[in-house]
Amino acid sequence: MSPAILEVKDLCVSFETEQGLLNVLDHVCLEIKKGKTLGLVGESGCGKSVTSMSIMRLLPQPSGKIVKGEILYDNTDLTKVSSDQLRNIRGNRIAMIFQEPMTALNPVKTIGSQLLEVYKLHRKDLTKKQAYSASIEILLKVGIPEAATRMNEHPHQLSGGMRQRVVIAMALACEPDILIADEPTTALDVTIQAQILELMKTLQSELGMAMLFITHDLGVIAELCDDVAVMYAGRVVEKTTVKQLFNHPRHPYSIGLLNSIPKITSKKLERLSTIEGQVPSLTDMPDGCRFQNRCEFSAPTCSQQSHTLSKVSDNHFVNCHKWEHLNNE
Amino acid sequence: MSSNYALQIKNLVKYFPVKSNKLFTKPLTLKAVDGISLNVKAGETLGIVGESGCGKSTLAKTIARLITSDAGEIFFKDKNITHYKHKDLKKVRSNIQYVFQDPYESLNPRHTVLSILEEPFIIHAKMNAQQRRAQVEHLLSKVGLPTDCLQKYPHEFSGGQRQRIGIARAIALNPEVLICDEPVSALDVSVQSQIINLLKDLQTELGLSIIFIAHDLAVVKHISDRIAVMYLGEIVEEASSDELFNNPQHPYTQLLMNAIPNPDPSVRRIRNNISGELPSPINPPKGCRFQSRCHLGDDKCTQQNPDLIARTGNELHLVSCHHTKQARERWVSPWQL
Chain G
1 MSPAILEVKD
11 LCVSFETEQG
21 LLNVLDHVCL
31 EIKKGKTLGL
41 VGESGCGKSV
51 TSMSIMRLLP
61 QPSGKIVKGE
71 ILYDNTDLTK
81 VSSDQLRNIR
91 GNRIAMIFQE
101 PMTALNPVKT
111 IGSQLLEVYK
121 LHRKDLTKKQ
131 AYSASIEILL
141 KVGIPEAATR
151 MNEHPHQLSG
161 GMRQRVVIAM
171 ALACEPDILI
181 ADEPTTALDV
191 TIQAQILELM
201 KTLQSELGMA
211 MLFITHDLGV
221 IAELCDDVAV
231 MYAGRVVEKT
241 TVKQLFNHPR
251 HPYSIGLLNS
261 IPKITSKKLE
271 RLSTIEGQVP
281 SLTDMPDGCR
291 FQNRCEFSAP
301 TCSQQSHTLS
311 KVSDNHFVNC
321 HKWEHLNNE
Chain W
1001 MSSNYALQIK
1011 NLVKYFPVKS
1021 NKLFTKPLTL
1031 KAVDGISLNV
1041 KAGETLGIVG
1051 ESGCGKSTLA
1061 KTIARLITSD
1071 AGEIFFKDKN
1081 ITHYKHKDLK
1091 KVRSNIQYVF
1101 QDPYESLNPR
1111 HTVLSILEEP
1121 FIIHAKMNAQ
1131 QRRAQVEHLL
1141 SKVGLPTDCL
1151 QKYPHEFSGG
1161 QRQRIGIARA
1171 IALNPEVLIC
1181 DEPVSALDVS
1191 VQSQIINLLK
1201 DLQTELGLSI
1211 IFIAHDLAVV
1221 KHISDRIAVM
1231 YLGEIVEEAS
1241 SDELFNNPQH
1251 PYTQLLMNAI
1261 PNPDPSVRRI
1271 RNNISGELPS
1281 PINPPKGCRF
1291 QSRCHLGDDK
1301 CTQQNPDLIA
1311 RTGNELHLVS
1321 CHHTKQARER
1331 WVSPWQL
């Protein structure tokens, strides 16, 4: 088993709002292993993006606060480092790709000037000329033809897929140890998504970086990731390898989620199974298990304190009081 | 002559003029829908898939007469409704209803659920307030919403519930045809399956014919009896959904199927032949529109646009490709059906 390059331990994040203090993340624990991809899956509003923003320390200020927990990278706790140190890590050792390639790029600056900025900030050893040729090289690497012409173009002149390639190029310019990808393909068409996923796979094996891949698409998880963490209402409810999750899910929510996606191979007349009800609002989370009001196996014990993960096997953890009694093989 | 078709579309065309920023140059046209023919049988679901920008939504809006077509004909139950106006059109509208993609934008934020849902009855039926209220309550229970939410506003609901309101509004007048333009793509997976089940239940209950537009092939396969694949304003393949997935003949259909991420980690695969992007519909390639991304293209493809006809012996499987034989031979299914 490869060692963890980044560890998130008991992370709690709160947001100050008009409705009071909202506990958006509740004791989130994650490990990203060296050279591997961790998938983070869950419905909208479950805290996937907040987790990634906490790692990058990009939480909206002053409302978002890390209340508790640590984020360990390279023996340093990212929650405590100074902004100088942070600037050195962010974009350099840990890079991020955002969901919307249009909003992630500055519309009034050329691709070239945005890309060169990365080198200017993090690779001060390079001359302007060297940085320029490095930019061209990285653009070609992410599959952008005629890179020299593209350097002088603005984002609106590129298609969505090409823009996302530029964003990836910017993230990879410093060959980071960890790449955080927050729904990088959600805004793209399936054929373009397939291209971007292939590209990310090849680049990862080439550069040997670790990835945190956030998505709500279980298909993408199955295709790309090694490990996976399922999030629900601000908690990690299940954490295991991809194969284990798809073959032997343990948490009732993971089971429901896997059953509710229509599959190409399923018979047409089958009814889709659903998870009844909705995610409880952050303002009135139930005590104990946050899934209890939608869970068909819920029992009185479920309202007891439950943010700890139970161990199913060496690489399978689940946040459920009753997992041993669920028979799902 | 009477047929059992709920909708027949013949050679529908919709072009949009594009402003040219040069003086004295010919204005360009964007060919959003370029000669599409489709039939929807009563009680059937027709799925339409394609990438964004291929003209799916324009097609749907043109069929619903929300946009005026440039050429072609639309028949609703054998009546040509293409040029209906005023009174006649109003009557047809109550029979062809529309569910929009984004449940956040398609409901008026300043209206309560009651006033959103009673509007169809105000426009199309002579009812007093009490009757309307009873109808709205009935509608809400039909789509699985509590009847005590009449005075709530759209922002008080989740995305899935809002889409239920959108569907309730669409089925209020017992339409025969429901056009659903990506009704689930803005929703989360667990909610998505609830909405798909609801649409299927309503279809059996009310005998609706549905045109279901989506870009998610698995969803479309699940709900549709027949599927049409669109590319740059044209239909490139049309077949029953099982036939299409067992035996895709057009290289574009094959490309789409290869591109879907498969939610099964045991069948990881390397993809090839997925390069290229949708060309601009302002200047589509001459001949076959797919040639710029096709690995089978040759001289014939650059000269002649293939017709959408049965090329495989199966009368109901239509393909527009010159090289269906090679495409068929090369096809390796990415999943086991």
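Heads up: the sequence lines are chains G and W, in that order.
Letter 157 of the first sequence, counting from 1, is numbered 157 in this note's numbering, and no numbers are missing.
Quick note, this note's numbering runs 1000 ahead of the 1-based positions in the second sequence.
Virtual Cβ for every residue (Gly too), placed ideally from N, Cα, C.
- According to the DSSP assignment, G:G219 belongs to the alpha helix (DSSP H) that extends over 218-224.
- Chain W has no Cβ within less than 9 Å of the Cβ of G:H156.
- Taking the Cα of W:A1170 as reference, the smallest distance to any Cα among W:V1219, W:P1103, W:A1214 is reached at W:P1103.
- Of the candidates G:N23, G:S49, G:I32, G:M170, the residue whose Cα lies closest to the Cα of G:H216 is G:S49.
- Using a Cβ-Cβ distance cut-off of 8 Å, the segment 262-281 of chain G and the segment 1016-1027 of chain W are not in contact, since fewer than three pairs of beta carbons, one from each stretch, lie closer than that value.
- For W:D1188, at least one C-beta of chain G is nearer than 9 Å to its own C-beta.
- In the structure shown, G:C29 adopts extended strand secondary structure according to DSSP, grouped into three states.
- 9 Å or more divides the Cβ of W:I1167 from the Cβ of W:L1206.
- In terms of Cα proximity to G:L207, the closest of G:L58, G:I178, G:A194 is G:I178.
- Neighbours of G:V108 in chain W, taken as residues at a C-beta separation under 7 Å, are lacking, since the least C-beta distance is about 19 Å.
- Short of 6 Å from the beta carbon of G:L22, and not among the five residues preceding or following it, lie these beta carbons of its own chain, in chain order: F15, L282.
- For W:L1255, the C-beta contacts it makes with chain G under 8 Å involve T191, in order along the chain.
- Cβ atoms of G:T37 and G:Q195 stay farther apart than 8 Å, at about 18 Å.
- Counting along the chain, G:L179 sits inside the beta strand (DSSP E) bounded by residues 178-182.
- Between G:L6 and G:L212, the gap from beta carbon to beta carbon is short of 9 Å.
- At a beta-carbon threshold of 9 Å, none of the residues of chain G lie near W:K1142; the nearest stands roughly 17 Å away.
- For the pair G:A169 and G:V190, the CB atoms are not nearer than the 9 Å cut-off.
- Contact between G:R163 and G:P101 is confirmed by a C-beta separation of about 4 Å, below the 8 Å threshold.
- Around the C-beta of G:D227, 16 or more other C-beta atoms lie within 10 Å, and the residue is accordingly described as buried.
- Scanning the segment 1031-1118 of chain W for uninterrupted beta strand (DSSP E) segments of 3 residues or longer gives 1045-1049, 1071-1076, 1096-1099, listed from N- to C-terminal end.
- In this structure, W:D1264 sits near G:A222, with a CB-CB distance shorter than 9 Å.
- For G:S14, the secondary structure class from DSSP, reduced to helix, strand or coil, is strand.
- The beta-bridge partner set that DSSP reports for G:T240 consists of G:V228.
- Close CB contacts of W:T1045 within its chain, under the 6 Å cut and outside five residues either way in sequence, are with I1210, F1212, I1223, S1224, D1225 (chain order).
- Under the 9 Å criterion on CB atoms, G:G35 is classed as non-interfacial with respect to chain W.
- When C-alpha distances from W:T1112 are compared across W:D1148, W:C1054, W:Q1101, the shortest belongs to W:D1148.
- Between G:S133 and G:N106, the alpha-carbon positions lie close to 21 Å from each other.
- For the 9 Å CB-CB criterion, W:A1060 and W:I1195 do not form a contact.
- At a cut-off of 9 Å between beta carbons, G:G161 contacts chain W.
- Counting only runs of at least 4 residues, the segment 104-184 of chain G fully encloses the following alpha helix (DSSP H) elements, listed from N- to C-terminal order: 111-122, 128-141, 147-151, 160-172.
- A residue is called buried when at least 16 other Cβ atoms come within 10 angstroms of its Cβ; W:A1134 does not meet this threshold and is exposed.
- Contact annotation: W:F1157 and W:Y1231 have beta-carbon atoms that are not nearer than 9 Å.
- One finds nothing in chain W with a Cβ atom closer than 9 Å to the Cβ of G:D10; even the nearest lies about 27 Å away.
- Excluding its 5 nearest sequence neighbours in each direction, G:Q305 has C-beta neighbours in its own chain below 8 Å: D287, G288, listed in chain order.
- When 7 Å is used as the limit between beta carbons, W:I1282 is near no residue of chain G, the shortest such separation being about 14 Å.
- Taking a contact to require three or more Cβ pairs closer than 8 Å, the segment 1245-1254 of chain W and the segment 1019-1033 of chain W do not qualify as touching.
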